[in-house]
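**Q** Following this message is one structure expressed as structure tokens.
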Amino acid sequence: MKPKEMFYKAHGLIFSFPAKNICRIQSEEACGAVQTIAAEFDGKAKEHREHLTVMQAETGNAVSLKPEGGHYSVFVSKKKFKAIFLNSAGQAVCTLVKAKVNAGKSSVSLNLDRKEHVFGLGQRFDGVSQRGKEFRIWAEDRWNVTEDNSYVPIPFFMSTAGYGLFMNRFEAATFNIGKKEPARILVVSESRVLDVYIFLSPDPKDITAGYTRLCGKTPLPPKWSFEPWICRHDRLKELATPEKVRVVMKKMEEHKFPWGVMLMEGWDTYNGSTYAGLKEITAELHSLGKKAMVYEACGRLNKDVWKWHDAKEKYFIKNLAGGVDVKEAPHFNPGDAPDRRTSVFLDVTDKEAVGWWLNTVWGKLLNEIRLDGAKIDFNEEMPEDGIKLKGLKYLKGFHQYYPVKYNILMYRNFNSKRPEGGVHFARGGGICSNRYHFIWMGDQSREWTRLKAIVSASLSAGISGIPFMAHDLGGYIPKREGIEDNETEVFARGTELAVFSPVVQIHGTVPWPYEFPEEIRAIYRFYMELRYEMLPYITDQAKKCVKEGLPLMRHLYLEYAHNKRVRSVEDQYMFGENLLVAPVLGPVDKRDIYIPEGDWMDIWTGKRIKGPCELKGFEAKLDRIPVFAKAKAVSSPAIKKILLKTMPTQ
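So for the sequence shown, numbering that gives the first Met the number 0 puts the first residue at 0; every next one is plus one.
The following block contains the structure:
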């Protein structure tokens with residue numbers, strides 16, 4: 000026995016335990032993705048290592064590694080590679096049958112039990128359970144598509160066997176979850192360095208929280224960011240001038256629709272000739288107690304506005320000829336970009352360029368105009384070919400690294416200049432995206448299948464360490480040709496869903512809320528009023544999410560891991576720790592609902608329900624979203640405030 004080892008080497012790999020229930024396996028002492036971000040933003044990259052007890056197995060064919068005081072150990076074979084992670088009872092929790100680097104790629108393979116569920120892998124539109132699927136970790140603009148990839152793929156998953164796995168590299172990777180071989184998980188990274196973390200716990204909340212803590216602290220969004228937002232598609236230009244903004248404000252007032260944030264997508268954000276008007280309308284919004292945000296495209300700055308910002312070519316990424324027009328990564332959506340269009344991107348590896356961007360370009364917008372934040376679009380288009388950077392030569396992984404670094408820089412800039420906290424709202428990201436406030440899930444049409452996809456993506460992202468995943472209320476564009484869904488009903492149900500989610504944002508090219516019949520306007524008005532009554536609950540739960548590393552909108556498995564029934568429930572969720580939400584995601588006024596163990600209360604009727612139980616054909620008229628509060632929480636001030644709105648006569 001060799002006590003007090005900090006790491007163990009075998010099969011060309013380094014085994015260490017950064018925490019008592021977390022094992023790291025590396026092919027070399029390289030700086031991984033989270034360490035790269037930590038070094039840049041926290042000033043540190045070195046990781047703590049637990050002391051290990053290393054023991055020879057009785058057969059002499061393996062060694063046991065156990066962190067001091069830990070409940071888990073790993074048996075590593077000496078001949079053919081195998082690493083078996085055991086709990087304190089000696090039961091195998093996770094078995095790696097392969098971990099190697101070959102031909103410039105790294106890979107791991109794990110056993111997959113026939114009853115095992117696998118969740119996570121970032122924002123997944125095609126279901127929360129990932130078993131039987133294969134996909135590439137490479138962020139893409141998945142314009143109104145629910146299959147395969149997404150805007151926020153994250154190389155982290157959680158198994159119901161009691162472990163999680165994280166590939167700590169920005170390079171693209173492929174995850175095959177029992178599709179090629181039903182009893183195997185295969186992960187192949189395009190990195191020449193293997194760097195994998197194994198998180199071990201019977202409590203999935205510990206696993207998600209462990210991953211989130213590794214990536215860095217999530218900032219607490221300011222209270223005002225949970226109020227309803229107004230936004231519109233850029234090309235419509237309906238929020239492009241003070242006069243147009245006032246038209247929308249007047250309409251919202253006429254219909255008594257409460258709101259708190261004006262996100263002026265369509266405003267020419269970097270055109271200095273519009274700044275007098277932008278300053279004027281921002282001051283007007285602030286005088287009314289509202290917040291003002293604008294829209295931008297992830298560090299792009301067209302040459303026609305350079306004159307307003309003292310821009311220089313040296314601040315931007317170069318193509319191989321030395322110019323600043325860079326071909327974007329291939330787009331998934333050919334209608335958006337049939338060929339690789341060109342853009343001018345800020346070089347985030349150049350400290351001088353970053354300082355100019357934050358202090359000169361955004362100094363005007365934040366210090367002089369007094370904006371409260373921005374919506375940051377098109378985070379998925381950074382190429383890894385045909386470019387030259389000032390501070391980086393190795394380009395693999397830059398596609399995923401660029402938006403994460405850019406968005407963290409922008410969040411910190413916003414937050415440092417707003418006394419109530421500036422808000423950052425991004426589309427796209429990956430590893431360490433929990434270091435900025437909100438991510439929204441791109442573009443969906445106003446259809447029932449897209450409401451289902453929104454729930455799926457929210458729950459998957461939450462398991463993957465993204466605590467505040469947002470979406471466009473009720474869809475971003477009208478239904479597709481040939482779809483017979485009633486868009487009015489989808490909007491009503493989408494309104495209900497959005498109110499029980501992190502952000503309420505109307506957006507897109509679909510009708511405004513005030514353009515619907517009065518029956519639907521009344522539903523929208525009621526739920527916006529309810530949202531304001533929910534703010535104490537939401538802000539309290541958001542604080543807990545940030546502290547504990549958990550999502551606000553969470554899969555039932557996170558709260559009821561021992562209950563096998565909840566593993567397959569993908570159309571319900573917990574909103575915070577005390578509200579069970581069962582949204583209506585189809586053209587029906589009844590739905591089946593599973594109530595987990597415990598005592599619950601229907602927030603609309605006050606009826607008490609004891610779980611676990613199945614509610615078959617539960618009534619859910621168009622103006623009602625089924626929601627149940629934990630009985631033990633109904634006396635809390637935050638829940639009482641909600642009930643005064645949902646049960647005013649009781």
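Beta carbons: idealized from backbone N, C-alpha and C, even for Gly.
Would you give the residue range spanned by the alpha helix (DSSP H) that G209 belongs to?
**A** Run containing G209: P203 to C214, per the alpha helix (DSSP H) assignment.
**Q** Just tell me which of K290, V323, L549 and G288 has its CA closest to the CA of W657.
**A** Only positions 0 to 649 of the chain appear in the structure, and residue 657 is not among them; the question remains open.
**Q** Hey, is the region 572 to 579 in contact with the region 539 to 556, meaning 3+ C-beta pairs nearer than 8 Å?
**A** Cβ pair count under 8 Å is three or more, so yes.
**Q** Report the three-state DSSP secondary structure of Y531 (helix, strand or coil).
**A** In the structure shown, Y531 sits in a helix (DSSP, three-state: H, G or I).
**Q** For M5, count neighbouring Cβ atoms within 10 angstroms of its own Cβ and tell me buried if that reaches 16, exposed if not.
**A** Counting Cβ neighbours within 10 Å, M5 comes out exposed, since fewer than 16 surround it.
**Q** Could you give the DSSP three-state label for I197: helix, strand or coil?
**A** Strand.
**Q** Take E486 and list the residues in its own chain whose beta-carbon comes closer than 6 Å to its own, dropping the five residues that flank it on each side.
**A** Counting only Cβ-Cβ distances below 6 Å, and skipping sequence neighbours, we find R445 and K478.
**Q** Give the DSSP-derived three-state secondary structure of A56 in the structure shown.
**A** Looking at A56 - three-state DSSP - the assignment turns out to be coil, as it is neither helix nor strand.
**Q** With a threshold of 8 Å, are at least 3 pairs of Cβ atoms found where one atom belongs to the region 409 to 429 and the other to the region 181 to 191?
**A** They do not touch, by the three-pair rule.
**Q** So within the region 590 to 635, which uninterrupted beta strand (DSSP E) runs reach at least 3 residues, ignoring any that extend past its ends?
**A** If we require 3 residues or more, the beta strand (DSSP E) runs fully inside the region 590 to 635 come out as 607 to 618 and 626 to 629.
**Q** On the three-state DSSP scale, how would you describe T94?
**A** T94 falls in the strand class under three-state DSSP.
**Q** How would you write the range of the alpha helix (DSSP H) that G321 sits in, first residue to last?
**A** Careful: G321 lies outside any alpha helix (DSSP H) and carries neither H nor E.
**Q** Kindly indicate the opening and closing residues of the beta strand (DSSP E) around V186.
**A** It spans R183 to S188 - the beta strand (DSSP E) in which V186 sits, taken as one unbroken run.
**Q** Does the structure place the region 76 to 90 close enough to the region 26 to 38 that three or more beta carbon pairs sit under 8 Å?
**A** With the cut-off at 8 Å, the region 26 to 38 and the region 76 to 90 do not touch.
**Q** Identify the residues that DSSP records as bridge partners of D384: which are they?
**A** Bridge partners of D384: none, in fact.
**Q** Pull up the DSSP beta-bridge partners for T341, would you.
**A** Looking at the DSSP assignment, T341 forms a beta bridge with K326.
**Q** Take K542 and list the residues in its own chain whose beta-carbon comes closer than 7 Å to its own, dropping the five residues that flank it on each side.
**A** L219.
**Q** Can at least three beta-carbon pairs, one atom from the region 140 to 149 and one from the region 85 to 105, be found at a separation below 8 Å?
**A** Taking 8 Å as the limit for Cβ pairs, the verdict is that the region 85 to 105 does not touch the region 140 to 149.
**Q** Could you tell me which of L534, V626 and E618 sits nearest to L578, measuring between CA atoms?
**A** When each option's Cα is compared against that of L578, the closest is V626.
**Q** With the cut-off set at 9 Å, would you say Q399 and W137 are in Cβ contact?
**A** Contact flag set, yes.
**Q** Relative to the alpha-carbon of E312, which residue among T94, Y294, F344 and M292 has its alpha-carbon at the smallest distance?
**A** Ranking the options by Cα distance to E312, first place goes to F344.
**Q** In chain order, which alpha helix (DSSP H) runs of at least 4 residues are fully inside the region 208 to 273?
**A** For the region 208 to 273, whole alpha helix (DSSP H) runs of length 4 or above, ordered along the chain, are 241 to 253.
**Q** With DSSP as the reference, label M0 as helix, strand or coil.
**A** With a pLDDT of 47 at M0, under the threshold of 50, the modelled position of that residue is not reliable, and the figure given next carries that caveat. Note: M0 maps to coil in three-state DSSP.
**Q** Relative to the C-alpha of D267, which candidate in R339, T240 and Q34 has its C-alpha closest?
**A** For D267, the nearest C-alpha among the options comes from T240.
**Q** With DSSP as the reference, please indicate the residues paired to K374 in a beta bridge.
**A** According to DSSP, which records beta bridges pairwise, K374 is partnered with Y294 and F424.
**Q** Please classify G163: does DSSP put it in a helix, a strand, or coil?
**A** If DSSP states are grouped into helix, strand and coil, G163 belongs with the strands.
**Q** Rank E283, L262, W447 and D303 by C-alpha distance to the C-alpha of S272 and give the top, closest one.
**A** For the residues E283, L262, W447 and D303, the minimum Cα distance to S272 belongs to D303.
**Q** The beta strand (DSSP E) spanning P402 covers which residue range?
**A** Counting along the chain, P402 falls outside any beta strand (DSSP E), though it belongs to the alpha helix (DSSP H) covering F397 to K416.
**Q** Count the other CB atoms within 10 Å of the CB of M0; is the residue buried (16 or more) or exposed (fewer)?
**A** Interpretation of M0 is limited by its pLDDT of 47, a score under 50 that renders its predicted location unreliable; the figure taken from the coordinates is listed afterwards. Classification of M0: exposed, given that the 10 Å Cβ count is below 16.
**Q** With burial defined as no fewer than 16 other Cβ atoms inside 10 Å of the residue's Cβ, what is the status of N301: buried or exposed?
**A** By the neighbour-count rule (16 or more Cβ atoms within 10 Å), N301 is not buried but exposed.
**Q** Report the start-end ranges of each beta strand (DSSP E) in the region 545 to 588 that is 3 residues or longer and not cut off at the edges.
**A** 572 to 574 and 578 to 580, all fully within the region 545 to 588.
**Q** Spatial neighbours of G31 within its chain, please: C-beta separation below 6 Å, excluding the five flanking residues on both sides.
**A** N167 and D194.
**Q** What separation, rounded to the nearest whole angstrom, lies between the Cα atoms of S63 and C22?
**A** Approximately 13 Å, taken between the alpha carbons.
**Q** Do you know whose CA, among G616, E596 and E618, lies nearest G610's CA?
**A** Selected option, being the one with the closest Cα: E596.
**Q** Could you please give the first and the last residue of the uninterrupted beta strand (DSSP E) stretch that includes Q25?
**A** Where Q25 is concerned, the enclosing beta strand (DSSP E) stretches over I21 to Q25.
**Q** Per DSSP, S15 is paired with what?
**A** R23.
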